[in-house]
Structure formats: structure tokens, C-alpha cells
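Residue numbers (the numbering used here): 369 to 467.
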Amino acid sequence: MEKVKIRGLVRIAGWIFHVWGGLVAFKGLYDSFFGEPEANLYSPEKWEFVTQEQWLRWSGFEIAYGLACIGLGFACWEAAKRLPDWVERAKQTPDPNFS
369 MEKVKIRGLV
379 RIAGWIFHVW
389 GGLVAFKGLY
399 DSFFGEPEAN
409 LYSPEKWEFV
419 TQEQWLRWSG
429 FEIAYGLACI
439 GLGFACWEAA
449 KRLPDWVERA
459 KQTPDPNFS
């Protein structure tokens, strides 16, 4: 018999969702108030290729996506509370034939 840690895997997934969601939401907030597209650096006139409306729509999507990831992180943490810490299962030997 071998012990497999179950709850920790779900908590790690929750942390990954939190970190990623925080980064994306922060970038969305930065783009909303301070950022501008790279096209503005190379165009003769600002906001010629990408309009401010399109840029704000994109930054709003980034904020919504980041907050959704943070919400999934909280959902993972809540689901982890219902799982056991360890699960015992029969030890599996690897199959040497990969065919």
C-alpha cells in the first residue's frame, strides 16, 4: 500500500489560480489607467490602430479573467476542505512495455 496526498494537490492548484489571477487582474488595472498598446509607439498618431475603446474593452477582459481565476482558487480551497488528507491505494508497478 502507498499513501497519496490528495488535499495538498487541490490546495496547490488553488494557489496557482490565485497567483495567476492576481497577476492578470493587476495587469488589467494597470492597462486601464496607465498602459497603452505597443501600436502607439510605432504609429504616427496615438490611438490610430487600436482605439481607446478597444483598449479599455481588452483591459476589462483582463480584469474579469483575473478575478475569475481568483474565484476558482477560492473554489479549490473550499473543495479541498471536503477531501481527505491522504488516500491509501495498492502500489502500482510501472509497465516496462510502452506499446
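Glycine residues also receive a C-beta, built at the ideal position from the N, C-alpha and C atoms.
- Distance from the CA of Pro-462 to the CA of Lys-373, rounded to the nearest whole angstrom, comes to 19 Å.
- Note that the C-beta distance between Gly-441 and Ala-393 is not below 9 Å.
- In the structure shown, Val-455 falls within a strand segment according to DSSP collapsed to helix, strand and coil.
- Between Leu-424 and Ser-400, the CB-CB gap stays under 9 Å.
- The residue among Ala-432, Gly-439 and Asn-465 with its C-alpha nearest the C-alpha of Lys-395 is Ala-432.
- The beta carbons of Ile-438 and Gly-403 sit no closer together than 9 Å.
- Its Cα nearest to that of Gly-428, the residue Tyr-398 stands out among Gln-460, Lys-459, Tyr-398 and Trp-388.
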